[in-house]
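S.K.: Just passing along the structure, written as structure tokens.
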Amino acid sequence: KTNEQAATLQHRVQMLEEEMAHALALEEGKRNELSTAAGERIETLEAKQAEQEERYLADIKFKTDELEQWQVKYEEARGSLAQWRAKARKMMEEKEAEMDNIKATARAGGFAKLGK
Numbered sequence: 145k146t147n148e149q150a151a152t153l154q155h156r157v158q159m160l161e162e163e164m165a166h167a168l169a170l171e172e173g174k175r176n177e178l179s180t181a182a183g184e185r186i187e188t189l190e191a192k193q194a195e196q197e198e199r200y201l202a203d204i205k206f207k208t209d210e211l212e213q214w215q216v217k218y219e220e221a222r223g224s225l226a227q228w229r230a231k232a233r234k235m236m237e238e239k240e241a242e243m244d245n246i247k248a249t250a251r252a253g254g255f256a257k258l259g260k
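Numbering of the sequence shown is given in my numbering, commencing with residue 145 and proceeding in unit increments.
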């Protein structure tokens with residue numbers, strides 16, 4: 145009877161070991177699946193992040209180019225304004241000189257002599 149009980153126990157131990165090996169294999173498979181899925185998700189996220197970074201860099205380059213164009217236009221407008229101010233100043237000085245000449249001629253009685 146003891147031999148029978150020992151054989152039964154040995155058979156149960158063997159069955160438990162097989163079940164445990166099967167459970168460990170399933171667990172290993174699940175772990176591998178999760179690891180693979182996590183790796184794929186990480187790759188997807190990294191690719192999306194790289195695309196987003198490329199879009200940001202392209203946008204920054206576009207905005208930088210646009211800013212440089214506006215700076216050029218601003219400098220041109222500033223130069224134009226300086227030229228216009230110089231012309232206006234020169235015209236005012238010429239008109240003031242003309243007025244001074246007219247006043248000087250009038251003081252000297254020049255207009256009265258011109259009328260005679």
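Where is the CB? At the ideal position from N, CA and C, for every residue including glycine.
In this structure, how does DSSP classify K145 when only helix, strand and coil are distinguished?
M.R.: Correct three-state label for K145: coil.
S.K.: How many Å lie between K217 and R229 at the Cα?
M.R.: Between K217 and R229, the C-alpha separation is close to 18 Å.
S.K.: Under a three-way DSSP split, which group does A250 fall into?
M.R.: Here A250 sits in helix by DSSP.
S.K.: Mind listing, in chain order, the continuous beta strand (DSSP E) runs of no fewer than 3 residues lying wholly within the region 164 to 244?
M.R.: None, since the region 164 to 244 contains no complete beta strand (DSSP E) of that length.
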